[in-house]
Amino acid sequence: MRVQRGDDVYTYGDQVTPFHGASIGKLYTTVAVLQLVEEGHIRLDDGIDRHVGSQEIAGLFHADAPAPTILQLLCHESGADDYYEGRSISGPSFREVLRADLDRVWQPSELLDFARERQRPFARPGERFRYSDTGFAVLGRLIEERDGRPYEDAVQTRVLDRAGLADSFLPGWPLRNARLSPCYLGSVDVSQKNALSIGWAGGGVAATPQGFLDFSRALHDGTLVSAAHRGLMGDVRNRVRPGIHYGVGMMELRFGGFSPLLRGLPRVRGHIGSLSTYLFHDEASGTHLALNMHSTSEMARGVRTVISVTQELTR
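Here full-length UniProt numbering is used: the first residue of the sequence shown is 1, the next is one more, and so on.
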């Protein structure tokens, strides 16, 4: 864990070994998309079919409705199911397939094929919220089409290089020469497994705790996106579950949703990853927090830790 407010820094645990951020990476994808908007390459109200081929998105979204907009994809309102946690209509679930071969390298096209062949859209675009890694995989393809480079290269240049994030990287697959902090999928450490390739545009960035804090600062100080787009990211539109809300590619924790006794705590914005990773910013105090709990089984304990840190900082 690393917490920084102004010149004050608090650390606990390993500060040197990079960890896989899981869905914290959605913030990086969102930044790249919004940069493309600012450059005039795309509009948030564009249908995704204007930029990604019809064959690639066929079967992912409701067939008798217009294709979702880019904004709906960023808000998880596209109507696409989630390849990672969604229900499979035939055969094993994605998680079962993943666990059967943890060294398989997953290509983005295979992630979309699984969603297309094993799942069904759950709503028309704009009708309902459902957290969707499938939607962010489509956004990854959007970035590739309009930036003209592979997703990894686009994010490296647009986000990591632009903000000077030397302690951050996107692991290559097959995984080679990248030492990552342990991260457990259930009881299995997958930090050196190609299974992490499933994250891609929905969560494929690794960094040291300082590296994630540096990204958070660059996001909130205007280095990466305009103030208007930063405000848009934090514009809450949906609730993931009590206490966790969603804007445009960004989460907001409202601690009163976890307990009425926590209503006085400030709201913090950032993202949570399924490997129990956390990156949040408290605008009022200027505090940035990066936390890695190393396991899919530690989500609740991680949230409690974020609450405890926030309580301590507000005393």
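Note that beta-carbon positions come from the ideal geometry of N, C-alpha and C, so glycine has one too.
Distance between residue j and residue i (C-alpha atoms, nearest Å)
i, j, result
"residue 64", "residue 107", "28 Å"
"residue 267", "residue 239", "14 Å"
"residue 330", "residue 170", "Given that the chain is displayed from residue 1 to residue 315, the structure contains no residue 330 and the question cannot be resolved."
"residue 206", "residue 168", "6 Å"
"residue 293", "residue 79", "31 Å"
"residue 46", "residue 69", "5 Å"
"residue 189", "residue 183", "5 Å"
"residue 123", "residue 270", "27 Å"
"residue 259", "residue 303", "12 Å"
"residue 217", "residue 89", "42 Å"
"residue 14", "residue 290", "12 Å"
"residue 306", "residue 251", "14 Å"
"residue 144", "residue 1", "33 Å"
"residue 9", "residue 102", "37 Å"
"residue 241", "residue 261", "18 Å"
"residue 43", "residue 153", "22 Å"
"residue 235", "residue 247", "5 Å"
"residue 249", "residue 74", "5 Å"
"residue 320", "residue 231", "The displayed coordinates of the chain run from 1 to 315. Any statement about residue 320 would go beyond what the structure contains."
"residue 6", "residue 139", "34 Å"
"residue 219", "residue 286", "12 Å"
"residue 194", "residue 176", "10 Å"
"residue 119", "residue 27", "25 Å"
Close Cβ partners of residue i (< 8 Å) along its chain, the five nearest in sequence each way excluded
i, result
"residue 17", "179, 180, 181 and 208"
"residue 116", "58, 59 and 60"
"residue 125", "61, 62, 65, 66, 67, 68, 69, 72, 77, 78 and 79"
"residue 211", "18, 165, 166, 167 and 168"
"residue 127", "77 and 79"
"residue 92", "100"
"residue 313", "3, 5, 282, 285 and 287"
Own chain, CB closer than 6 Å to residue i, minus 5 neighbours either side, in chain order
i, result
"residue 142", "51 and 52"
"residue 223", "163"
"residue 197", "105, 106 and 173"
"residue 158", "32 and 35"
"residue 310", "265"
"residue 299", "276"
"residue 256", "262 and 263"
"residue 214", "165"
"residue 83", "94, 111, 114, 115, 133 and 134"
"residue 191", "180, 182 and 183"
Start and end residues, alpha helix (DSSP H) containing residue i
i, result
"residue 56", "54-57"
"residue 229", "227-233"
"residue 2", "No alpha helix (DSSP H) holds residue 2; the beta strand (DSSP E) holding it covers 2-5."
"residue 31", "25-38"
"residue 131", "Looking at the DSSP string, residue 131 is not in any alpha helix (DSSP H), and its letter there is neither H nor E."
"residue 82", "Careful: residue 82 lies outside any alpha helix (DSSP H) and carries neither H nor E."
"residue 220", "209-220"
"residue 153", "151-155"
"residue 105", "It is not in any alpha helix (DSSP H) - residue 105 carries neither H nor E in the DSSP assignment."
"residue 304", "299-313"
"residue 96", "94-100"
Sequence-distant residues of the same chain with beta carbon closer than 7 Å to residue i, five excluded per side
i, result
"residue 226", "38"
"residue 49", "57 and 67"
"residue 274", "22, 23 and 296"
"residue 137", "108, 111, 112, 200, 201 and 202"
Strand pairing of residue i, partner residues [DSSP]
i, result
"residue 272", "278"
"residue 251", "246 and 270"
"residue 180", "Partner(s): none; residue 180 has no beta bridge."
"residue 69", "47"
"residue 188", "185"
"residue 206", "20 and 169"
"residue 295", "184"
Extent of the continuous beta strand (DSSP E) run through residue i
i, result
"residue 241", "238-241"
"residue 290", "287-292"
"residue 8", "8-11"
Contact with chain D by residue i, beta-carbon distance below 8 Å
i, result
"residue 215", "The chain labelled as chain D is not found in the depicted structure, where only one protein chain is given."
Within 8 Å, do at least three Cβ pairs link the region 147-158 to the region 93-102? no
Three or more beta-carbon pairs under 8 Å between the region 121-141 and the region 192-204, yes or no? yes
On the three-pair Cβ rule with 8 Å, is the region 55-69 touching the region 112-128? yes
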